[in-house]
Amino acid sequence: MVKFEGQEGGHSTCINGEITGLTPGKHGFHVHTFGDISKGCGSAGPHYNPCNETHGAPQDKKRHVGDLGNIEADENGVACVEMEDRLIRLAGKYSVIGRTLVVNEKEDDLGKGGDNESLETGNHGAGVAWGIIGIDEDPK
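Numbering of the sequence shown is given in our numbering, commencing with residue 40 and proceeding in unit increments.
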């Protein structure tokens, strides 16, 4: 399970959790536009990009809102997620609530791959895990 928690002042969001069942190594990690997983992550649409930017790393000035970089699974296939992001919002115009969080099969090149696909997706391959970002009634 991965939890999103807005920070006081609304200037960033902490993203924490654990994802199991992955192959060891780095995996792209993104929020996609739609909360539709009726056909797997293929129906979730592209990376969430309301500002029409090119793909990038979380620390890049220009990037998709949904670009969260990479997570790394250990030799047991477990990835511990601990990050804080300045663009992810849980309320307002650019909220990610109701959208889909996707883990990809390969490492994201963070838009540095030198081709058009890199600037759109980061060449991260297919989705291997996904879920709709919802609201937890009991945030403990």
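Positions of the beta carbon are idealized from the N, C-alpha and C atoms, including for glycine.
Source: prediction; values computed, not measured.
Cβ shell of residue i (< 7 Å), same chain only, five flanking positions each side left out
i   : result
E47 : none
Any non-hydrogen atom of the ligand MG closer than 8 Å to residue i Cβ
i    : result
I174 : The ligand MG is not part of the structure shown, which contains no ligands of any sort.
Coil, strand or helix - residue i by DSSP
i    : result
N155 : helix
A168 : strand
A96  : coil
A130 : coil
Straight-line Cα distance separating residue j from residue i
i    : j    : result
H103 : N162 : 14 Å
H94  : D113 : 26 Å
G173 : I136 : 6 Å
G49  : Y133 : 12 Å
E92  : V142 : 21 Å
K151 : L126 : 20 Å
Span of the beta strand (DSSP E) around residue i
i    : result
S77  : S77 to C80
I58  : T52 to I58
K145 : From DSSP, K145 is part of no beta strand (DSSP E); its letter is neither H nor E.
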